[in-house]
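These notes are about the structure you will find just below.
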Amino acid sequence: MFELAKIPFTEVARLAQSGKALVILPVGVVEEHGAHLPLGVDSFAAEVYSAATAPYLEEAGYEVVVAPTINYGVARAAIDFPGTLSLEPETLRSMVVEIGRSLSRHGLGRLVILNGHRDKEHMKALDDAKEILLTEKAQVLLVGFVHDDAVTAACYRDGVKQFYKSPRPDREGHGGESETSLALHAFPETVRQEVIPQLDPNFDYDVEAFRNETKDYWSISGGRGYFGWPQAATAETGKQLVTVRGRNIANVILREWGSPK
Ligand SMILES: [Zn+2]
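For the sequence shown, the tail end lands on 411 under my numbering, and the numbers increase by one without skipping.
Put into structure tokens, the structure is as follows:
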């Protein structure tokens with residue numbers, strides 16, 4: 151796996167020549183995730199899952215290049231929490247389109263956008279970017295959290311249920327068991343571990359308003375900013391999530407594109 155920002159142009163030229171290059175563009179956001187997790191969870195998650203996906207694609211014959219993460223996104227639901235930053239959807243769309251165009255110009259025509267942030271406007275902006283790029287002949291896929299729930303399920307939900315310890319897995323969400331587990335495993339230095347024992351379960355919230363984004367996170371979580379029970383999280387669960395989801399995401403990509411010729 152290559153990191154685009156850490157290699158010289160000559161290596162990019164070789165990768166383009168090989169015809170086997172596949173670029174992953176991780177997309178996240180700056181958004182609150184409760185008092186125990188950092189604002190960058192979704193960006194870090196997109197990077198962790200990109201790295202976990204790469205080996206399976208390499209096994210299939212691709213040369214994987216991970217582009218620098220887009221760390222900003224559309225985050226209107228949590229905008230009342232200090233530190234949450236939101237772009238306008240068209241800003242995000244333009245960034246993705248312009249990055250995709252630049253890659254194509256250099257012969258890197260296969261682009262996988264791996265999104266770590268679930269927000270309807272954010273995901274729509276990525277969808278729109280993908281559609282625009284597809285009219286310009288680039289091969290583009292959107293994985294991770296996407297509008298098409300079947301793809302989200304195939305990436306993030308397939309084969310992970312048995313790892314959860316929460317008594318109410320149906321109420322786990324933003325900042326809850328899953329994201330806390332991932333953070334404890336993959337970026338523990340950013341977790342305020344001393345805060346976690348003080349966090350009561352947040353199971354009794356308006357699930358429909360949360361899923362459909364009809365109310366903001368502050369009001370539906372009572373200012374807590376997390377949904378579910380962070381105390382159910384373990385680093386071991388996080389490790390298992392990364393392994394399974396990395397394979398899942400690679401399978402989604404390989405189902406669409408197969409191996410490089
Ligand atoms: Zn998140």
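Using N, Cα and C, we set each Cβ at its ideal position, and we do this for glycine too.
Here's the rule I'm using: 16 or more other beta-carbon atoms within 10 Å means buried, otherwise exposed. How should residue i be labelled?
i	result
Asn265	buried
Ala204	buried
Leu284	exposed
Asn362	exposed
Pro317	exposed
Gly178	buried
Val214	buried
Ser252	exposed
His297	exposed
Ser236	buried
Thr234	buried
Arg405	exposed
Thr387	buried
Val247	buried
Asp269	buried
Phe159	exposed
Thr330	buried
Over what stretch of residues does the beta strand (DSSP E) that includes residue i continue unbroken?
i	result
Gly294	289–294
Ile263	260–265
Ile174	171–177
Glu363	Neither: Glu363 is in no beta strand (DSSP E) and is coded neither H nor E.
Val215	213–216
If you draw a straight line from the alpha carbon of residue i to that of residue j, how long is it in whole angstroms?
i	j	result
Met151	Ala400	14 Å
Lys170	Ala217	16 Å
Val166	Ala201	This sequence places Ala at residue 166; Val is not what is there. Going from the Cα of Ala166 to the Cα of Ala201 covers about 20 Å.
Val301	Val262	13 Å
Ala227	Met273	13 Å
Trp368	Phe360	11 Å
Leu172	Lys411	13 Å
Ile282	Gln343	43 Å
Ala210	Gly408	8 Å
Arg374	Asp192	18 Å
Tell me, to the nearest whole angstrom, how far the beta carbon of residue i is from that of residue j; I am working on the premise that it is less than 8 Å.
i	j	result
Val180	Leu189	5 Å
Leu349	Pro319	With a Cβ gap of about 17 Å, Leu349 and Pro319 do not count as contacting.
Ala383	Glu339	That belief does not hold up - the Cβ atoms of Ala383 and Glu339 are roughly 16 Å apart, past 8 Å.
Excluding five sequence neighbours on each side, which residues of the same chain lie with their C-beta closer than 6 Å to the C-beta of residue i?
i	result
Asp356	Ile370
Lys280	Val290, Leu292
Pro176	Ala196, Glu197, Ser200, Thr219, Leu264
Lys287	none
Within a Cβ cutoff of 8 Å, which residues of the same chain sit near residue i, ignoring the five residues on either side of it in sequence?
i	result
Glu238	Val224
Val392	Val198, Tyr199, Ala202, Leu332, His335, Ala336
Val341	His186, Leu187, Pro188, Thr330, Ala333, Leu334
What does a CB cutoff of less than 7 Å around residue i pick up in its chain, not counting 5 residues either side in sequence?
i	result
Cys305	Val293, Gly294, Arg395, Asn398, Ile399, Val402
Glu182	Leu189, Ala228, Phe231, Gly233, Thr234, Gly375
Indicate whether at least one CB of chain D lies closer than 9 Å to the CB of residue i.
i	result
Glu213	Note that chain D does not occur in the displayed structure, where there is just one protein chain.
Would you give the residue range spanned by the alpha helix (DSSP H) that residue i belongs to?
i	result
His335	327–336
Leu242	239–255
Met273	270–284
Gln312	That residue, Gln312, is in no alpha helix (DSSP H); it is neither H nor E in DSSP.
Asn401	385–407
Thr203	191–209
Thr302	299–302
Phe159	159–168
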